[in-house]
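Those letters in the sequence shown? Residues 757 to 1003, per my numbering, in order.
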Amino acid sequence: MSSHRKAAIAGSLLTASFTSLMILGFTASADDEGGLSNHGGKTMDAAPADVKLSTLLSKEITVDNKSGETDITGVVKNEGSKASGEIRLLVVGFDGMTVKNVKGCSAIPEGDLPDGANSGFACAIDDLAAGKSKTYAIDATYDLSEQGKICLPVQNADGSKTYWQQGPVPFGTTNQSPNEPATPLLLGTDNSPVTPGGGGGKDDKPDELPRTGPADRVLPLGMAGAALISAGAAGLWWNQRRTRQES
757 MSSHRKAAIA
767 GSLLTASFTS
777 LMILGFTASA
787 DDEGGLSNHG
797 GKTMDAAPAD
807 VKLSTLLSKE
817 ITVDNKSGET
827 DITGVVKNEG
837 SKASGEIRLL
847 VVGFDGMTVK
857 NVKGCSAIPE
867 GDLPDGANSG
877 FACAIDDLAA
887 GKSKTYAIDA
897 TYDLSEQGKI
907 CLPVQNADGS
917 KTYWQQGPVP
927 FGTTNQSPNE
937 PATPLLLGTD
947 NSPVTPGGGG
957 GKDDKPDELP
967 RTGPADRVLP
977 LGMAGAALIS
987 AGAAGLWWNQ
997 RRTRQES
């Protein structure tokens, strides 16, 4: 291959990469940290100088086929060089996923939930030191006859800014195992509800996360302070709720 052609290809790849970053709002890569992933995570409003906040979720969960109960691990971390000051982590459930409890956090009143959410908890953090993280045990239920999503935004103390947001990202499987004690679900996979005569075995489930798709994309942030775009749904979040209440 000629050096001219190589240069042209490299230039095209660079342009495509830059364009993708602009479209996806700096969507994070789905890295794996001990069974956890930041899949579907996005930087939103600018955090204080030298503060870098993000979250992780369990890469795989298991849903009890009788009770629908499941356990999820959520992590908020500060990879910056300065402490965060007062912040809060929100854990919000959508569709078939209902968040039942987050240890050490307070339930969000139904009237304060974002549009489309069925449950949520707010976790106040006085200060997250540089290089430190905080782990939360999330109890949830999952209706396997539906798709289900979870969202982890990290905001300032009063919720006027969202520094980071993971999701709403789905958990799911393309091959359910209704005759098994439990069904494994992968983060970043749309759930395909079992149908009569359908369902698959554990050997059929994906063994890696799919690529981030259009469901994880974020629209430009100049639209009425929109901080959250759900897959195939209208924008939602407290910024919009606050705007409606003040109008």
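Ideal Cβ placement from N, Cα and C applies to all residues, glycine included.
- Which residues in the same chain as PRO924 place their Cβ atom closer than 6 Å to its Cβ, once the five residues preceding and following it in sequence are excluded? PHE850, LYS905, CYS907, SER986
- Task: Mind the definition here: the segment 892 to 906 touches the segment 818 to 830 only if three or more C-beta pairs lie below 8 Å; say whether that holds.
- Result: yes
- Message: Cutting at 8 Å between CB atoms, please list the residues of its own chain near LEU869, excluding the five before and the five after it.
- Response: VAL848, SER875, GLY876
- Query: Quick one: what's got a C-beta closer than 7 Å to ALA839's C-beta in the same chain, skipping five residues either side?
  - Reply: ASP883, LEU884, ALA885, ALA886
- What residues in its chain sit with their C-beta under 7 Å from that of ASP853, if we drop five residues either side in the sequence? A small fix is needed here, since residue 853 is Met in this sequence, not Asp. Around MET853: ALA896, TYR898, GLY904, LYS905, ILE906, PHE927.
- Alpha-carbon spacing of LEU792 relative to GLY872, whole angstroms: 26 Å
- Item | GLU842 in three-state terms, based on DSSP | coil
- Query: Rounded to a whole number of angstroms, what is the C-alpha to C-alpha distance between ASP972 and ASN857?
  - Reply: Unreliable positioning characterises ASP972 in this predicted model, as indicated by a pLDDT of 39, which lies under 50. A coordinate reading is not provided.
- Item | Among GLY830, GLY944, GLY841, GLN921, nearest to GLY797 - alpha-carbon criterion | GLN921
- Going by the beta-carbon positions, is the gap between LYS890 and VAL832 smaller than 8 Å? yes
- Query: If you check the beta carbons only, do LYS917 and ALA893 fall under 8 Å apart?
  - Reply: no
- Could you give the residue range of the beta strand (DSSP E) that holds CYS861? Per DSSP, CYS861 belongs to no beta strand (DSSP E) and is neither H nor E.
- Name the residue from ALA863, GLU842, CYS861 whose alpha carbon lies nearest to the alpha carbon of ASP914. GLU842
- Query: Going straight from the alpha carbon of LYS888 to that of VAL910, what length do you get?
  - Reply: 15 Å
- Item | Close Cβ partners of GLY790 (< 6 Å) along its chain, the five nearest in sequence each way excluded | none
- Rounded distance between the beta-carbons of LEU943 and LEU809, thought under 8 Å: The pair is not a contact, with the Cβ atoms about 19 Å apart (cut-off 8 Å).
- Message: Going by C-alpha to C-alpha distance, which of LEU941, ILE864, GLY836 sits closest to ALA805?
- Response: GLY836
- DSSP-derived helix/strand/coil call for ASP914: coil
- Closest to MET800 by CA distance: which of ASN912, GLN932, ASN935, GLU902 is it? ASN912
- Query: In three-state DSSP terms, what is ASP820?
  - Reply: strand
- Item | Buried or exposed (CB count within 10 angstroms, at least 16 for buried), SER933 | buried
- Message: Can you tell me whether GLY830 is buried or exposed? The criterion is at least 16 other CB atoms within 10 Å of its CB, across all chains shown.
- Response: buried
- Smallest Cα separation from CYS879: which of GLU902, ILE864, ARG844? ARG844
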